[in-house]
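Notes follow once the structure below has been shown.
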Amino acid sequence: MSTPTDLGRRRLLASGTAAIAAAGIGGATRAVAQAAPPAAAAQAKPLPAYVSWKDADSMIVHSPNTVETRWSAFGSSLITPADRLYIRNNLAPPDVSIVANRDAWQLAVEGVKQPRTLTVADLKSLGVDALPMVLQCSGNGRGLFSDKASGTQWKVGAAGLVIWGGVPLRAVAEALGGVAPGMRFVTGTGGEAIPAGIDPKSVIVERSVPISALEDAMLAWEMNGEPIPHAHGGPLRLIFPGYSGVNNVKYIKRLAFTRDETDARIQQTRYRIVPPGGKGHPSMPAVWTMGTKSWINSPAPGQRPLRPGWVQIHGVAMGGMNAARRVEVSIDGGKTWRDAAFFGPNLGRYAWRQFVLQAQLRPGTHQLASRATDTQGNVQEERTPFNASGYLNAGWRAHMVQVTVA
Amino acid sequence: MKKLAGLAAGLVLAAASSVSAADDSVGKRLFMQDATPPCGVCHALNAAGTAGTIGPSLDEMKPDAERVARVIRSGLGAMPAYAQLTDQQVQALAQYVSKASGGAK
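Structural data, given as structure tokens:
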């Protein structure tokens with residue numbers, strides 16, 4: 083993890099010529115392959131080293147860059163603790179040494195009347211706020227589409243409710259003379275080191291969102307009462323509440339107000355709503371704001387049969403850019419619905435709300451569903467139309483939980 | 136007859152394994168330098184002596200050949216598709232990476 087990229091590259095180049103001449107290498111490789119037990123892949127993978135501090139029992143490790151919260155691990159106390167929060171990195175994180183002196187991290191601010199490079203310490207002098215928000219990966223729910231898109235097969239666990247601490251981006255822009263005229267987007271660039279030999283634009287994490295997102299945006303250095311863990315973007319993360327995970331750039335090193343969207347591949351052709359079988363194109367809708375969505379956390383799927391009698395059916399509901407106003411629950415697969423009650427604190431328009439319906443379940447199999455409505459009257463859709471990359475699945479039917487009562 | 140058949144089978148096996156060794160060296164060369172950019176710039180693979188850290192470690196992922204081929208052709212996440220590689224090159228890379236990482240089925 084901590085091997086500097088330069089060293090990696092040197093090793094690569096140095097070993098290149100020698101190894102190619104060695105005819106025996108192929109044979110040696112096969113011996114190694116035979117020694118490795120093929121069953122290993124089927125076993126649960128351990129947490130990657132950089133997130134070894136997470137609660138292993140609460141997490142599903144899909145790959146080194148994708149770690150999901152178990153459906154049954156959300157609990158009922160609203161906030162998602164850092165050690166149960168999902169991980170999705172587009173690139174491996176920068177070296178952990180970047181959090182050794184958090185206040186010294188530098189951010190270049192461009193597209194304002196007085197462009198400047200500010201440290202986190204500078205930012206802390208410009209304002210402070212706390213912002214509760216559902217952080218949700220663009221691909222959350224991909225694994226619940228009946229069509230299969232490549233990428234991590236997330237169910238519900240690439241989401242969490244966290245509270246960010248930081249400075250409103252508006253305050254930073256104002257301190258630097260205001261946004262320069264004609265700018266239509268806010269563009270954030272991540273601090274991952276791109277190795278030489280790669281076109282940086284092909285892999286760099288650089289995202290643009292419409293400038294309307296400036297209103298509630300934040301440059302955050304805290305999450306849930308502690309400095310943002312390195313794995314979640316510390317020392318500094320750009321936050322656009324209501325926007326899906328990828329837009330909230332980690333290790334942000336450059337913040338620019340721009341006329342156009344960045345020409346980085348992650349913006350131009352990735353994270354687009356692409357028709358099934360198609361290829362991403364800048365003309366297609368970008369994956370930006372999240373929609374109305376809810377799901378049941380308890381009972382969770384795959385649990386042992388429940389006893390007959392009263393069950394507290396509870397879960398979370400969100401409106402993306404708006405708070406959830408109403409949640410209905412069905413215990414018969416969506417044929418009939420009953421209003422659920424909200425419980426716990428209301429943390430505002432970008433947070434999720436917890437809901438509960440008490441129901442008496444008879445022996446047998448039941449299909450439990452939830453359906454949210456936001457403050458603008460947007461109702462959670464029954465089915466999200468499939469898109470090629472499986473983004474933003476919010477369909478209530480795909481999120482139903484089947485329980486057995488015996 | 137049986138002896139001859141056994142001998143013939145042995146020859147076929149020997150031929151197959153030498154083809155496979157050749158593919159390994161082609162695959163390894165693609166991995167380390169011939170593909171643009173070379174896989175090892177981003178991916179660690181002990182057998183190739185590469186320690187790229189920007190992409191996932193292949194020693195940890197242990198992908199099978201089919202998965203490697205699919206990702207090289209179509210890209211996945213931050214990794215772009217390698218559209219310029221021929222089918223043979225993709226196969227050589229897929230065989231090499233899956234075997235060298237321990238992911239071959």
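Chains B and D, in that order, give the protein sequences. Just so we're on the same page, this note's numbering is the position in the first sequence counted from 1, plus 82. Just so we're on the same page, this note's numbering is the position in the second sequence counted from 1, plus 135. Backbone N, C-alpha and C define an ideal beta-carbon position, used for all residues, glycine too. The model shown is predicted, which means the values in this text are computed figures rather than measured ones.
Checklist entry - Is the CB-CB distance between Tyr473/B and Ile355/B below 8 Å? => result The residue labelled residue 473/B in the question sits at position 391 within the first sequence. The residue labelled residue 355/B in the question sits at position 273 within the first sequence. Cβ atoms of Tyr473/B and Ile355/B: closer than 8 Å.
Item to check | Trp153/B versus Gly384/B: straight-line alpha-carbon distance, rounded | outcome: Working through the first sequence from its first residue, we reach residue 153/B at position 71. Working through the first sequence from its first residue, we reach residue 384/B at position 302. Rounded to whole angstroms, Trp153/B to Gly384/B spans 9 Å at the Cα level.
Next on the checklist: What residue range does the beta strand (DSSP E) around Val202/B cover?
Outcome noted: Along the first sequence, one-based indexing puts residue 202/B at 120. No beta strand (DSSP E) holds Val202/B; the alpha helix (DSSP H) holding it covers 202–206.
Checklist entry - In chain D, which residues lie less than 8 Å from Ala174/B when you measure between Cβ atoms? => result For the purposes of this step, residue 174/B is taken as the residue at position 92 of the first sequence. Chain D residues near Ala174/B: Thr188, Ile189, Gly190, Pro191.
Next on the checklist: Pairs of beta-carbons, one from the region 163–174 of chain D and one from the region 416–423 of chain B, closer than 8 Å: are there three or more?
Outcome noted: No contact exists between the region 163–174 of chain D and the region 416–423 of chain B.
Item to check | Paired residues, beta bridge with Trp246/B - DSSP | outcome: On the first sequence, position 164 is the one that residue 246/B refers to. According to DSSP, which records beta bridges pairwise, Trp246/B is partnered with Leu213/B, Met305/B.
Checklist entry - Exposed or buried, Thr199/B, counting other C-beta atoms within 10 Å across all chains shown (16 or more means buried)? => result Counting from one through the first sequence, the residue named residue 199/B turns up at place 117. Burial call: exposed.
Next on the checklist: To be precise: take each residue of the region 282–300 of chain B, compare its Cβ to all Cβ atoms of chain D, and keep it if any distance is under 7 Å. Which residues remain?
Outcome noted: Result list: Ser284, Val285.
Item to check | Range covered by the alpha helix (DSSP H) that runs through Ser412/B | outcome: One-based indexing of the first sequence puts residue 412/B at position 330. Boundaries around Ser412/B are those of the beta strand (DSSP E), 406–412, since no alpha helix (DSSP H) includes it.
Checklist entry - For Pro250/B and chain D, any beta-carbon pair shorter than 8 Å? => result If you number the first sequence from 1, residue 250/B lands on position 168. So, not an interface residue.
Checklist entry - What residues in its chain sit with their C-beta under 8 Å from that of Leu450/B, if we drop five residues either side in the sequence? => result By 1-based counting over the first sequence, the position of residue 450/B is 368. These residues qualify, in order along the chain: Ile378, Pro381, Ile395, Val411, Ser412, Ile413, Met482, Val483, Gln484, Val485.
Checklist entry - Below 8 Å between beta carbons: does that hold for Asp342/B and Lys283/B? => result Locating residue 342/B in the first sequence gives position 260, counting from the first residue. Locating residue 283/B in the first sequence gives position 201, counting from the first residue. Not a contact, by the Cβ cut-off of 8 Å.
Checklist entry - Which whole-angstrom value is the C-beta distance of Gly324/B and Gly402/B, which I expect to be below 8 Å? => result Translated into positions along the first sequence, residue 324/B becomes position 242. Translated into positions along the first sequence, residue 402/B becomes position 320. Contact between Gly324/B and Gly402/B holds, with the beta-carbon distance rounding to 5 Å and staying under 8 Å.
Checklist entry - Should Leu211/D be flagged as near chain B, meaning a C-beta pair shorter than 8 Å? => result Here residue 211/D refers to the residue found at position 76 when the second sequence is read from its first residue. Closer than 8 Å to the CB of Leu211/D there is at least one CB belonging to chain B.
Item to check | Cross-chain neighbours of Glu201/D in chain B, by beta carbon under 7 Å | outcome: Numbered from its first residue, the second sequence carries residue 201/D at position 66. When 7 Å is used as the limit between beta carbons, Glu201/D is near no residue of chain B, the shortest such separation being about 12 Å.
Checklist entry - Got a sec? Which residues, its chain only, sit under 6 Å from Ser290/B by beta carbon, not counting five neighbours each side? => result As a working note, residue 290/B is residue 208 in the first sequence. Correct list, in chain order: Phe267, Thr269, Glu343, Thr344, Gln349.
Next on the checklist: Using a Cβ-Cβ distance cut-off of 8 Å, determine whether Val225/D contacts chain B.
Outcome noted: Working through the second sequence from its first residue, we reach residue 225/D at position 90. Val225/D does not count as touching chain B.
Checklist entry - What do you get for Val285/B, buried or exposed, if any count of 16 or more other CB atoms within 10 angstroms of its CB means buried? => result Taking the first residue of the first sequence as position 1, residue 285/B is located at position 203. By the neighbour-count rule (16 or more Cβ atoms within 10 Å), Val285/B is buried.
Checklist entry - Counting Cβ pairs closer than 8 Å, one from the region 179–189 of chain B and one from the region 201–208 of chain B, do we hit at least three? => result Result yes; three or more Cβ-Cβ pairs closer than 8 Å.
Checklist entry - Using 8 Å as the Cβ pair cut-off and three pairs as the minimum, do the region 220–240 of chain B and the region 168–184 of chain B touch? => result Contact holds: three or more Cβ-Cβ distances are below 8 Å.
Item to check | Beta-bridge pairing of Leu388/B - partner residues as DSSP gives them | outcome: As a working mapping, residue 388/B is identified with position 306 in the first sequence. In DSSP, Leu388/B forms a bridge with Val487/B.
Checklist entry - So, are the CB atoms of Leu173/B and Ile189/D less than 8 Å apart? => result Within the first sequence, residue 173/B is the residue found at index 91, counting from 1. Within the second sequence, residue 189/D is the residue found at index 54, counting from 1. In this structure, Ile189/D lies closer than 8 Å to Leu173/B by Cβ.
Checklist entry - Does the separation of the CB atoms of Thr151/B and Gly242/B fall below 8 Å? => result Here residue 151/B corresponds to residue number 69 of the first sequence, with the count starting at 1. Here residue 242/B corresponds to residue number 160 of the first sequence, with the count starting at 1. Taking 8 Å as the cut-off, the beta carbon of Thr151/B is found closer than this to the beta carbon of Gly242/B.
Item to check | Local conformation of Gln116/B per DSSP, three classes | outcome: What you label residue 116/B is simply residue 34 of the first sequence in a count that begins at 1. Model confidence at Gln116/B stands at a pLDDT of 37, short of 50, so the residue's coordinates are unreliable and nothing is read from them.
Checklist entry - Counting only beta-carbon atoms, is Pro445/B nearer than 8 Å to chain D? => result Taking the first residue of the first sequence as position 1, residue 445/B is located at position 363. It does not: the Cβ of Pro445/B has no partner Cβ on chain D nearer than 8 Å.
Checklist entry - How far does the beta strand (DSSP E) with Glu150/B in it reach, from first residue to last? => result Stepping through the first sequence from its first residue, residue 150/B is reached at position 68. From DSSP, the beta strand (DSSP E) with Glu150/B extends over 148–151.
Checklist entry - Exposed or buried, what is Thr327/D when buried is set at 16 or more other beta-carbons lying within 10 Å of its beta-carbon? => result The structure shown does not extend to residue 327/D, since chain D is modelled only from 136 through 240, so no value can be given for it.
Checklist entry - Given a threshold of 16 other Cβ atoms within 10 Å of its Cβ, counted over all protein chains shown, does Arg319/B qualify as buried or as exposed? => result As a position in the first sequence, residue 319/B is number 237, starting the count at 1. Looking at its Cβ environment, which holds 16 or more other Cβ atoms inside 10 Å, Arg319/B is buried.
Item to check | Below-8 Å beta-carbon distance, Glu274/B vs any chain D residue | outcome: Here residue 274/B corresponds to residue number 192 of the first sequence, with the count starting at 1. At least one CB atom of chain D sits nearer than 8 Å to the CB of Glu274/B.
Item to check | Gly248/B burial status per 10 Å Cβ neighbour count (16 or more: buried) | outcome: Position 166 of the first sequence, counted from the first residue, corresponds to residue 248/B. Taking all protein chains shown into account, Gly248/B has 16 or more neighbouring C-beta atoms within 10 Å of its C-beta and is therefore buried.
Checklist entry - With burial defined as no fewer than 16 other Cβ atoms inside 10 Å of the residue's Cβ, what is the status of Ala229/D: buried or exposed? => result As a position in the second sequence, residue 229/D is number 94, starting the count at 1. Its Cβ being crowded by 16 or more others within 10 Å, Ala229/D is buried.
Next on the checklist: Just verifying my parser: in three-state terms, what is the DSSP assignment at Ala123/B?
Outcome noted: Taking the first residue of the first sequence as 1, we reach residue 123/B at position 41. Note that Ala123/B scores 43 on pLDDT, short of 50, meaning its location in the model is unreliable and no value can be drawn from it.
Checklist entry - According to DSSP, what are the bridge partners of Lys375/B? => result Along the first sequence, read from residue 1 onward, the residue named residue 375/B stands at position 293. Looking at the DSSP assignment, Lys375/B forms a beta bridge with Met400/B.
Checklist entry - Whose Cβ in chain D lies nearer than 8 Å to the Cβ of Asn147/B? => result As a first step, residue 147/B is located in the first sequence; it is residue number 65 there, counting from the start. What Asn147/B touches in chain D: Pro191, Gly212.
Next on the checklist: If the criterion is Cβ atoms closer than 8 Å, does the pair Met215/B and Tyr432/B meet it?
Outcome noted: Here residue 215/B corresponds to residue number 133 of the first sequence, with the count starting at 1. Here residue 432/B corresponds to residue number 350 of the first sequence, with the count starting at 1. Tyr432/B is positioned such that its CB atom lies closer than 8 Å to that of Met215/B.
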